[in-house]
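For the sequence shown, the positions run 1 to 124 when my numbering is used.
Cβ coordinates follow ideal geometry from the N, Cα and C atoms, glycine included.
Each remark here refers to the structure printed beneath this line.
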Amino acid sequence: MLKKETAQYKELLIKKREEIVNEIKHIAKENLKSQKETSGDLSGYSFHMADMASDSYDREFSLNIASGEQEVIYDIDDALKRIEEGKYGECLDCGKKIPSKRLKAVPHAKLCIQCKSKEEKNKH
1 MLKKETAQYK ELLIKKREEI VNEIKHIAKE NLKSQKETSG DLSGYSFHMA DMASDSYDRE
61 FSLNIASGEQ EVIYDIDDAL KRIEEGKYGE CLDCGKKIPS KRLKAVPHAK LCIQCKSKEE
121 KNKH
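Okay, here's the thing in C-alpha cells:
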C-alpha cells in the first residue's frame, strides 16, 4: 500500500476513534445524570417502579452500546498498530490484500470479505 493511501486511512481511523470516544463520553455523562435523577437527588419527584425499571433498562442499553463502541476502539487501535508495522490492509486469516472499497467502508477491518463471511457463518 502506498504511503499516501496509508496516511489517508490513518487519518480516517483517528477521526473515527475520536468520534467514538466522544459518543462514549456522552453516554457516560447521560447515564450519570440519569442515575442522580433516579437516586432521588431531585426533590419533588415521585418514583414509580415502572419508571425505575425503564430507566434501568435505558441505562443498561446505553452501556451495552458503549461497550460495543469500546470494541470498535480496540479494533481501530489494532489497525493503527498494523499501519505502523506496515501490515495494514492485509487479511489476518488468509494474508490477502483487503480491497480498498472494504477499507473505506470499514477502515478497521481485519479480514477480507471472504474470511469475514466464513467467520460469521461459523458463529451461527
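Would you identify the three-state DSSP class for K138, choosing helix, strand or coil?
Residue 138 falls outside the range modelled here, since the chain spans only 1 to 124, and no answer is possible.
Near D41, what residues of its chain come up, given a Cβ to Cβ distance below 7 Å and the 5 sequence neighbours on each side ignored? Any reading at D41 is ruled out, since the residue's pLDDT is 49, under 50, leaving its predicted position unreliable.
Suppose contacts are defined by Cβ-Cβ distances below 8 Å. Is E69 in contact with I20 by that definition? The Cβ atoms of E69 and I20 lie closer than 8 Å to each other.
- Message: Just to check my reading of the structure: L80 and K123 have Cβ atoms closer than 8 Å, yes? What is that Cβ distance to the nearest angstrom?
- Response: That pair is no contact at about 26 Å.
Burial state of Y57 (16 or more Cβ within 10 Å):
Around the beta-carbon of Y57, fewer than 16 other beta-carbon atoms lie within 10 Å, marking it exposed.
* To do: Could you round the C-beta distance between H26 and I76 to whole angstroms and report it? I think they count as a contact, below 8 Å.
  => Actually they do not touch by this definition, with Cβ atoms about 18 Å apart.
Item checked: C115: first and last residue of the uninterrupted alpha helix (DSSP H) it sits in -> 113-123
Who are the near neighbours of S62 in its chain, counting only those whose CB is closer than 8 Å to its CB and skipping five residues on each side? I27, E30, N31, listed in sequence order.
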